[in-house]
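To keep things clear, I will list the structure first and then write my remarks on it.
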Amino acid sequence: MREMTFHSADELSHAYILLSPSAEERKAAATALASAAVCSAPGPVPCGVCRACRKVRAGIHPDVITISRIADDKGKKKREISVDQIRNVIADSVVLPNEAERKVYVIDEADTMNIPAQNAALKLLEEPPRGVIFLLLASNAEHLLETVRSRCAEIVCGAQEEEPDAETVKLGMAFLKRCAEKDEAQLFRWCASNENMDNAAAVAFVECTIGLLTDMLCRRKSTLGMSDREVYELEALMEKCLGMLRVNTSVKQVFGLIAVSAVCE
Ligand SMILES: [Zn+2]
19 MREMTFHSAD ELSHAYILLS PSAEERKAAA TALASAAVCS APGPVPCGVC
69 RACRKVRAGI HPDVITISRI ADDKGKKKRE ISVDQIRNVI ADSVVLPNEA
119 ERKVYVIDEA DTMNIPAQNA ALKLLEEPPR GVIFLLLASN AEHLLETVRS
169 RCAEIVCGAQ EEEPDAETVK LGMAFLKRCA EKDEAQLFRW CASNENMDNA
219 AAVAFVECTI GLLTDMLCRR KSTLGMSDRE VYELEALMEK CLGMLRVNTS
269 VKQVFGLIAV SAVCE
């Protein structure tokens, strides 16, 4: 899993979907993000040791509220999270936090929200109250409405990602900087000077760039002044390039496409 530390809680997105088949991994990710949201350290957050961080770990922070399937009369867990439960969240979310500057709602097994519940949640995600962060824990994102998913940053917990080496990250950042500066001539020169790398290096570069763009969308990294739309478009372009490289399109051709497409008006 990517390390979930932030310079400050301001870097957090207002909503996340935390995906994993393992309940433990989902919970660990939720604890890290919730701690980051309420941590009282000046940064980076979460510090892991302040009172707020410790309370989150112990499950007793008053501003970290967990919603899960409720039990019926016989003590058996209901199959779904109901719309009433989400309506309660809506009502509660406008109340200011008790101790922290932010409030976090952890929706456990969010993929068991029925459709009315999801539609109610969507309203919250579209216009989240200030200082409120939603963490949707799920094992199967496909049970969530596309509209809900599009409002959240998705994090796949526990995924073993191969860390790109420092040189590749440097190359990726140099490229993204040129894209952000929207200087076509510079970008063109940069592409021309890199078009002779071999296929494996090009694949590593493109994969690394996609990772960096995802980090930007999840607010784990500065977007360098690019709008979310520009970041999305760039990510789509890089995905396309990755597909081309995988069918052995020449690196030169791929960098040619990048040179003419990466700077959008
Ligand atoms: Zn802390």
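Numbering of the sequence shown is given in my numbering, commencing with residue 19 and proceeding in unit increments. All residues carry an ideal CB built from backbone N, CA and C; glycine is no exception.
Per DSSP, the beta-bridge partners of T84 are V124. Under DSSP, M131 shares a beta bridge with I99. When DSSP states are grouped into helix, strand and coil, V249 belongs to the helix group.
At a cut-off of 8 Å, the beta-carbon of P134 does not count as near ligand 1: no heavy atom of the ligand is closer than that. Bounds of the alpha helix (DSSP H) holding F206 are 202 to 212. Ranked by Cα distance from A47, the options G66, L30, M22 are led by M22. In this structure, V82 has its CB at a distance of at least 8 Å from all heavy atoms of ligand 1. With the rule of 3 Cβ pairs closer than 8 Å, the region 268 to 282 counts as touching the region 203 to 216. For Y250, the closest C-alpha among the options K270, V281, H79 is that of V281. Nearest to L162 by C-alpha distance, out of L143, A128, K195, D246, is A128.
If you draw a straight line from the Cα of D216 to the Cα of L252, it is about 22 Å long. Distance between I99 and C170, taken at the CA atoms: about 19 Å. By the neighbour-count criterion, in which 16 or more other beta carbons inside 10 Å mark a residue as buried, H79 falls on the buried side.
Per DSSP, the beta bridge partners of E172 are I35. Scanning I35, T232, E144, D81 for the CA closest to the CA of N116 turns up D81. For F193, the uninterrupted alpha helix (DSSP H) segment begins and ends at 184 to 199. In the three-state reduction of the DSSP assignment, I108 falls in the helix class, which pools H, G and I. Relative to ligand 1, even the nearest heavy atom lies 8 Å or more away from the CB of V122.
Going down the chain, each residue whose beta-carbon is closer than 7 Å to a heavy atom of ligand 1 shows up: S53, C57, S58, A59, V63, P64, C65, G66, V67, C68, A70, C71. With contact defined as three or more Cβ pairs closer than 8 Å, the region 147 to 158 and the region 111 to 125 are in contact. Of the residues R238, V272, K239, the one whose Cα lies closest to the Cα of V221 is V272.
If you draw a straight line from the Cα of F152 to the Cα of L242, it is about 25 Å long. Nearest neighbour of P62 by Cα position, chosen from S157, K270, T267, E29, turns out to be E29. In summary, E248 is buried, with 16 or more beta-carbon neighbours lying within 10 Å of its beta-carbon over all protein chains present. Of the residues assessed, S211 falls on the exposed side of the cut-off, its CB having fewer than 16 other CB atoms within 10 angstroms.
In terms of Cα proximity to Y34, the closest of L154, N158, H25 is L154.
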